[in-house]
Amino acid sequence: MSARDTGEPRDNRRPGFHLARAKAFLILGDKDKAQAEFHAALAHDADMVEAHVGLAELRLPGEGYQSWLQRFHELLKPEFYLEIGVAEGHTLTLAQPPTRVIGIDPNPKITSPMPAETHIFRETSDEFFSKSHLTSLLGQRPLSLAFIDGAHVFAQSLRDFMNVERFCGERSLVLFHDTIPLDEITQRPDRQRKFYTGDVWKTILCLKHYRPDLDIFTIATPSSGLTVLTGLNPDSCILAACYEEAVDRFIELPYIELQGREHEMLNVVPNERDTVAERLKRRGVLQ
2 MSARDTGEPR
12 DNRRPGFHLA
22 RAKAFLILGD
32 KDKAQAEFHA
42 ALAHDADMVE
52 AHVGLAELRL
62 PGEGYQSWLQ
72 RFHELLKPEF
82 YLEIGVAEGH
92 TLTLAQPPTR
102 VIGIDPNPKI
112 TSPMPAETHI
122 FRETSDEFFS
132 KSHLTSLLGQ
142 RPLSLAFIDG
152 AHVFAQSLRD
162 FMNVERFCGE
172 RSLVLFHDTI
182 PLDEITQRPD
192 RQRKFYTGDV
202 WKTILCLKHY
212 RPDLDIFTIA
222 TPSSGLTVLT
232 GLNPDSCILA
242 ACYEEAVDRF
252 IELPYIELQG
262 REHEMLNVVP
272 NERDTVAERL
282 KRRGVLQ
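According to this note's numbering, the residues represented by the sequence shown are 2 to 288, in order.
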């Protein structure tokens, strides 16, 4: 429990002190002491993002999710790339010509120039898909790569997937961000902390249950995982037919059901390029 929760006066220097010690222990290679110091920092300031990120990176070391996004762009050279939840647009800049980029966000705050042709739609994903934007942009061609990183709540992310899949092809690839939650409080759909994954993990369990035809695996990349889906079928009506049932089945699933079983339940694979490339080759996504 933090000082904020107890109502006791908070020493604003203490979180920074423990954070500095955690970083020092990381340099020394003592991960156990670093972890203890990150927790100590959070005990004084439960909203310290750097401490949450430090704990997440201890658990999931290696290349970060943006490096993986860049890797997928390099491997696939997508004709069309769609991103839900563009924020400042940092991940949009990973797309290079001749890729055509489609970004969806009701309140984008793009700060960088876009290297590729980019279309930004300032609306929610539900509003976007209720119109014919993609049909006119794609013509009869499928989306090559899609990154779902919008509202981090189960029911919405499931709906986003359903809408995206309608425009995919047999070699398309869909990515979900923030699918390996750090802890119970940061995965709550009603956001409690600045560091936040929401309950997107339920979407992965739901898709495994209702769509066993999909190939689903999650890369153990910091800070909170990246799930890859292939074997997409734009003609599938399964989710549309049982959306309400699916939401009812999974929406109240408690985090404790996942805790300690993430690797099994989310099909987690090592944060290794060769492992992922081999999986995609088996699915025919890579030649």
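Backbone N, C-alpha and C fix where the C-beta goes; we use that ideal spot for every residue, glycine too.
By a beta-carbon distance limit of 8 Å, Lys-209 contacts Ile-217. Their separation comes to about 6 Å.
DSSP, reduced to helix, strand and coil, places Asp-216 within a strand of the structure shown. When Cβ pairs closer than 8 Å are counted between the two stretches, the stretch 197-208 is seen to touch the stretch 252-263, the count reaching three or more.
Ranking Val-54, Pro-98, Ala-57, Arg-250 by CA distance to the CA of Glu-75 puts Pro-98 first.
Straight-line spacing of the CA atoms in Cys-207 and Gly-65 works out to 25 Å. A residue is called buried once 16 or more other Cβ atoms fall within 10 Å of its Cβ, and Ser-126 is buried on that count. A direct Cα-Cα distance of roughly 16 Å separates Arg-262 from Thr-228. Following the DSSP letters along the chain, one finds Thr-231 in no alpha helix (DSSP H) but inside the beta strand (DSSP E) bounded by residues 227-231. Counting only unbroken stretches of 4 or more residues, the alpha helix (DSSP H) elements lying wholly within the stretch 47-88 are 50-60, 66-77, in sequence order. Rounded to whole angstroms, the gap between the alpha carbons of Leu-93 and Arg-101 is 10 Å. With at least 16 other beta carbons inside 10 angstroms of its own, Arg-160 counts as buried. Looking at the backbone, the Cα of Glu-279 and that of Leu-287 are separated by about 9 Å. Note on geometry: alpha-carbon atoms of Glu-185 and Arg-194 lie some 11 Å from one another. Here the C-alpha atom of Glu-166 lies approximately 42 Å from the C-alpha atom of Leu-20. For Ala-147, the enclosing beta strand (DSSP E) starts and ends at 144-149. Contact check for Ile-111 against Phe-81 fails: the beta carbons are separated by 8 Å or more. Contact between Phe-168 and Pro-190 fails: their C-beta atoms lie close to 26 Å from each other, not under 8 Å. Residues His-19 of the same chain have their beta carbon placed closer than 7 Å to that of Ala-41, with the five preceding and five following residues left out of the count. For Leu-93, there is no enclosing beta strand (DSSP E), since its DSSP letter is neither H nor E.
A Cβ-Cβ contact shorter than 8 Å links Pro-79 with Ser-145. Between Lys-34 and Glu-118, the alpha-carbon positions lie close to 47 Å from each other. If you check the CB distance, Leu-77 and Leu-139 do not come in under 8 Å. Taking C-alpha positions only, Gly-17 is separated from Glu-245 by approximately 46 Å. Note that the C-beta distance between Ala-25 and Phe-39 is not below 8 Å. For a cut-off of 8 Å, the C-beta gap from Ile-105 to Phe-129 is around 5 Å, short enough to register as a contact.
Look at Cys-169 here: in three-state DSSP terms it is strand. Between Val-248 and Ala-156, the C-beta spacing is below 8 Å.
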